[in-house]
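Report on the structure given below.
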Ligand SMILES: [Zn+2]
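Residue numbers (the working numbering): 76 to 165.
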């Protein structure tokens, strides 16, 4: 079934063909803490640009923002986890 409203690339107006997400994991602690970034959509041309060219500034900033959000969320969660652990031990 074809959708009437195809998804659009996050960086240009072409139809998206790929969804991309970053997973940030903290190593060396158990249970493993990891956070998946929000998904953003790329067309074939943009995903080729970001994987082959360092000058794909617009795509790179999308990727960096998604990564930053995931990292921030992970840091916030581990901070609040240790805060609640401290409260329990009081
Ligand atoms: Zn694109």
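Idealized CB from N, CA, C, for every residue including glycine.
Own chain, CB closer than 7 Å to residue i, minus 5 neighbours either side, in chain order
i	result
residue 85	115, 116, 117 and 137
Local conformation of residue i per DSSP, three classes
i	result
residue 138	helix
residue 90	strand
Pair within 8 Å by beta-carbon distance, residue i and residue j
i	j	result
residue 87	residue 111	no
residue 139	residue 108	no
Alpha-carbon spacing of residue i relative to residue j, whole angstroms
i	j	result
residue 101	residue 149	9 Å
residue 145	residue 104	18 Å
residue 132	residue 124	10 Å
residue 135	residue 90	19 Å
residue 126	residue 147	24 Å
residue 106	residue 143	22 Å
Same chain, Cβ closer than 6 Å to residue i, neighbours up to 5 away in sequence not counted
i	result
residue 93	117 and 122
residue 81	90
residue 113	141
residue 119	92
residue 128	none
Beta-carbon contacts of residue i that lie in its chain and below 8 Å, excluding the five residues immediately before and after
i	result
residue 96	111, 112, 113, 114, 115 and 141
Which residue spans inside the stretch 97-126 form an unbroken alpha helix (DSSP H) run of at least 4? none
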